[in-house]
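A.B. asks: Would you mind keeping the following structure in view while I ask a few things?
Number of protein chains: 2
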Amino acid sequence: MDIESKVLNGDKRATGKLISMVENRDSEGFRILQNLYGHTGKAYVIGITGPPGAGKSTLTDKLTKLLRKEDKKVAIVAVDPTSPFTGGAILGDRVRMNELSTDKGVFIRSMGARGHLGGISEATAAAIKILDIYGADFILVETVGVGQSEIDIVKNCDTTLMVMVPGLGDDIQAIKAGVMEIGDVFAVNKADRDGAQRTAREIEMMLDFNKNMAWRPPVNMVVASENQGVDILLESLLKHKHYLESTGKLESKRIANAKSEIVEMIKERIIHSLLDNAHNEDLLEVYSRKIVSREENPYSAVENLFDAYKAMLRLK
Amino acid sequence: MDIESKVLNGDKRATGKLISMVENRDSEGFRILQNLYGHTGKAYVIGITGPPGAGKSTLTDKLTKLLRKEDKKVAIVAVDPTSPFTGGAILGDRVRMNELSTDKGVFIRSMGARGHLGGISEATAAAIKILDIYGADFILVETVGVGQSEIDIVKNCDTTLMVMVPGLGDDIQAIKAGVMEIGDVFAVNKADRDGAQRTAREIEMMLDFNKNMAWRPPVNMVVASENQGVDILLESLLKHKHYLESTGKLESKRIANAKSEIVEMIKERIIHSLLDNAHNEDLLEVYSRKIVSREENPYSAVENLFDAYKAMLRLK
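The listed protein sequences derive, respectively, from chains A and B.
With the first letter of the first sequence counted as 1, position 204 gets the number 205 in this note's numbering; the numbers rise by one all the way through.
With the first letter of the second sequence counted as 1, position 105 gets the number 106 in this note's numbering; the numbers rise by one all the way through.
Structure below.
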């Protein structure tokens, strides 16, 4: 059987191989994915994000176990935009998940940036499609951090769970400001710790600030390590899924996601066409040196380089 | 006196205004900055990054106070790539710094993403230049988070201080993997807490892994809130400054920084030329809908859109 049929038949090994292919920007991998693209759209994709130390992995494990009780096929994609390794840093985490990794209904994959700035959200989007074709009912995409790359990654998701934790100090202000738009459901993990109620109240206040929400994100208290509150959290997530489906917003969200995905890919394409060119590389070096010696300034340099780039495209 | 002369004369208000102009992409602001660009290159830029809750703001305050004792002029740029507000979220933090803000030798500025994905590092780079022209001896650029945007931001710095903290759990693995390249000096803050020694040991181990370092980043234990160890940390930062200056590496680092800055700006330029176009916007919408209805796949859509973009440039 070829790899296409194997992935369609839910073969884990072939699925993992196809993900590696697209991660390595193998054109054959993308050709296969294009052929199979018609089989996507069935999985429900939940993004799980939040600051380091919030306990996202533990929570992902517990949610997975609950979904398995309902006999749902689950795929976990653990994305670390800051890690240059695939299956490296985060895999350490995942060792814990031994129990899950022997479960036939669970597929686990770690992904890192591998030096491809910007490429990580593209690779994650491709992995999500492949896991959809593979037959996952739910795909849980876990990311470390709260920066722009994480926001790009959750743009591939249907529902985004924001995991917060007490003890972030003043930084919680910054985090909250950044994630209010992307969190559909909030969890305050380690809710048995001091300050958990205060953290929850702060999130609620920020949410109350925006009166025009058609969907008011719920804030759930959980202690993932003790499996406390995880069932209610899952209910919240499924309620959001139902809300999107019943209002037709799932489709418009997926259209918006598709748009940001192709914009990201076009960016990547353009940047590659710009940088994969010895002449441009030389020009960049010359201008950078002139900028530091103050013979040129960055803004005029950009004008000149942009003109050179346009001229190059016109010649192609 | 015009704004150019005022900034050159160290006028805080004019400096703040010029930063706002470039932040708002005002072309007049960039024209002024181009005129003044020859006056840059004197300030030393220190990036301060680390996970949320690491106490970066407190540490920045204490470092600033030490530099003020040496009568150095200090500018603080607090950047929050996840915040859509300028001077909003992080400003809350900065209220603490009342003491500093009344000091004539200290300039404080908060910056947020304002919906400009990717634009934040460009705006920060411009603010750094303006503060250099204004006459700061040291510019401390503080960022929240450990994602790609933060890495882009510290690319504008000469020396990067990575602030870690005990209690990050397994996520420290991911953070460490992502920041080993960008940290020139490490601080373990809240060093009076349980697990601080272990955190320091883990960082040291990661650093030992890379035997080929010409500069071995020091790991300093600090309790910023108690002002413990901050003097030794400042010494480490100045040692790195001396190392870069005495080996000629400061120049090569600044050339590399200039290169990544102009690459980022060209990216932005290209993206704007792509998206600020009603025809392209329509095409994007049409393709996004077709992707979700499975009439098209994202990869062929990107091919077609890229061709359309090239054709558009040819016509210009």
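Cβ coordinates follow ideal geometry from the N, Cα and C atoms, glycine included.
Just so it is clear, the structure is predicted and the values come from calculations on it, not from any experiment.
Can you find at least 3 beta carbon pairs, one from the segment 120-127 of chain B and one from the segment 152-166 of chain B, that sit closer than 8 angstroms?
C.D. replies: Output reads yes: the segment 152-166 of chain B touches the segment 120-127 of chain B.
A.B. asks: Using beta-carbon positions only, say whether residue 46(A) and residue 34(A) come within less than 8 angstroms of one another.
C.D. replies: Taking 8 angstroms as the Cβ cut-off, residue 46(A) and residue 34(A) do not qualify as a contacting pair.
A.B. asks: Looking at C-beta atoms only, is the number of pairs between the segment 249-269 of chain B and the segment 294-302 of chain A that lie closer than 8 angstroms three or more?
C.D. replies: With a cut-off of 8 angstroms, the segment 294-302 of chain A and the segment 249-269 of chain B count as touching, because enough Cβ pairs lie within range.
A.B. asks: Buried or exposed: where does residue 153(B) fall if 16 or more other Cβ atoms within 10 Å of its Cβ makes it buried?
C.D. replies: Classification for residue 153(B): buried.
A.B. asks: Quick one: is residue 198(B) near chain A, going by C-beta distance under 8 angstroms?
C.D. replies: No, no contact with chain A.
A.B. asks: Which residues in chain B sit within 9 angstroms of residue 26(A), going by Cβ to Cβ distance?
C.D. replies: Residues of chain B passing the Cβ test: none, with the nearest at roughly 12 angstroms.
A.B. asks: Could you tell me whether the Cβ of residue 1(B) comes closer than 8 angstroms to any Cβ of chain A?
C.D. replies: For residue 1(B) there is no data in the structure shown, the boundaries of chain B being 2 and 317.
A.B. asks: Would you call residue 243(A) buried or exposed, if buried means 16 or more other Cβ atoms sit within 10 Å of its Cβ?
C.D. replies: Result: exposed.
A.B. asks: Kindly identify the DSSP beta-bridge partner or partners of residue 36(A).
C.D. replies: Answer by DSSP bridge pairing: none, since residue 36(A) is not bridged.
A.B. asks: Find the residues of chain B that neighbour residue 295(A), judging by a C-beta separation of less than 8 angstroms, and give them in chain order.
C.D. replies: What residue 295(A) touches in chain B: 38, 39, 41, 42.
A.B. asks: CB-CB under 6 angstroms to residue 166(A), same chain, minus the five flanking residues each way: which ones, in chain order?
C.D. replies: 55, 190, 191.
A.B. asks: I'd like the list of long-range same chain contacts for residue 9(A), defined as Cβ closer than 6 angstroms, with 5 residues on each side in sequence excluded.
C.D. replies: Nothing meets the Cβ criterion.
A.B. asks: Compute the distance between the beta-carbons of residue 252(A) and residue 293(B), then report whether it is under 8 angstroms.
C.D. replies: Yes, these two residues count as a Cβ contact at 8 angstroms.
A.B. asks: Please report how far the alpha carbon of residue 135(A) lies from the alpha carbon of residue 49(A), in whole angstroms.
C.D. replies: Distance between the alpha carbons of residue 135(A) and residue 49(A) is about 21 angstroms.
A.B. asks: Given this structure, state the Cα-to-Cα distance separating residue 238(B) from residue 143(B), to the nearest angstrom.
C.D. replies: Their Cα atoms are separated by approximately 15 angstroms.
A.B. asks: Would you say residue 231(A) and residue 63(A) are within 8 angstroms of each other, going by their C-beta atoms?
C.D. replies: It is a contact, given that the beta carbons lie within the stated cut-off.
A.B. asks: Answer with yes or no whether the minimum CB distance from residue 116(B) to chain A is below 8 angstroms.
C.D. replies: Only weak support is given to the placement of residue 116(B): the predicted model assigns it a pLDDT of 48, under 50, and the value that follows is read from those uncertain coordinates. Chain A, which has no Cβ nearer than 8 angstroms to the Cβ of residue 116(B), makes this no.
A.B. asks: Can you tell me which of the three DSSP states residue 7(B) falls into?
C.D. replies: In this structure, residue 7(B) counts as helix in the three-state DSSP scheme.
A.B. asks: Using the Cα positions of residue 234(B) and residue 282(B), report the straight-line distance between them to the nearest angstrom.
C.D. replies: Distance between the alpha carbons of residue 234(B) and residue 282(B) is about 50 angstroms.
A.B. asks: When DSSP builds the beta bridges, which residues end up paired with residue 45(A)?
C.D. replies: Residue 45(A) is bridged to 139(A).
A.B. asks: If you draw a straight line from the alpha carbon of residue 78(A) to that of residue 58(A), how long is it in whole angstroms?
C.D. replies: Whole-angstrom Cα-Cα distance: 11 angstroms.
A.B. asks: Is the separation between the beta-carbon of residue 295(B) and that of residue 39(A) shorter than 8 angstroms?
C.D. replies: Yes, the pair counts as a contact, with Cβ atoms nearer than the cut-off.
A.B. asks: Which bits of chain A does residue 301(B) rub up against, with CB to CB less than 7 angstroms?
C.D. replies: By Cβ distance, chain A contributes 35.
A.B. asks: Which whole-angstrom value is the C-beta distance of residue 112(B) and residue 80(B), which I expect to be below 8 angstroms?
C.D. replies: Contact flag correct, Cβ pair sits at about 5 angstroms.
A.B. asks: Starting from the Cα of residue 203(B), find the closest Cα among 229(B), 12(B), 168(B), 245(B) and give me that residue.
C.D. replies: Residue 203(B) has its Cα closest to that of 168(B), out of 229(B), 12(B), 168(B), 245(B).
A.B. asks: My guess is that residue 276(A) and residue 306(A) are in contact by the Cβ rule of under 8 angstroms, so how many angstroms apart are they, rounded?
C.D. replies: Residue 276(A) to residue 306(A), Cβ: 11 angstroms. No contact.
A.B. asks: List, in order along the chain, the chain A residues whose C-beta lies closer than 7 angstroms to that of residue 298(B)?
C.D. replies: What residue 298(B) touches in chain A: 35, 38.
A.B. asks: Assuming residue 137(B) and residue 44(B) make a contact with CB atoms under 8 angstroms, what is their CB distance in whole Å?
C.D. replies: 5 angstroms between Cβ atoms; contact.
A.B. asks: Are residue 141(A) and residue 248(A) close, meaning C-beta to C-beta below 8 angstroms?
C.D. replies: No; because the gap between Cβ atoms is not below 8 angstroms, this pair is not in contact.
A.B. asks: Closer than 8 angstroms, Cβ to Cβ, to anything on chain A: give me those residues from the segment 256-268 of chain B, in chain order.
C.D. replies: Under the 8 angstroms Cβ criterion, the segment 256-268 of chain B contributes 256, 257, 259, 260, 262, 263, 264, 266, 267, 268.
A.B. asks: Whole angstroms are fine: how far does the CA of residue 20(B) sit from the CA of residue 255(B)?
C.D. replies: When rounded, the distance between both Cα atoms is 21 angstroms.
A.B. asks: From the DSSP output, in three-state form, read off residue 294(B) for me.
C.D. replies: The answer is coil: DSSP assigns residue 294(B) none of H, G, I, E or B.
A.B. asks: Got a sec: is the Cβ-Cβ distance from residue 70(B) to anything in chain A below 8 angstroms?
C.D. replies: No - not a single Cβ of chain A is within 8 angstroms of the one on residue 70(B).
A.B. asks: What three-state label does DSSP hand residue 183(A) in the structure shown?
C.D. replies: Coil.
A.B. asks: For residue 165(A), which beta-bridge partners are listed by DSSP?
C.D. replies: The partner list for residue 165(A) (beta bridge, DSSP) reads 189(A).
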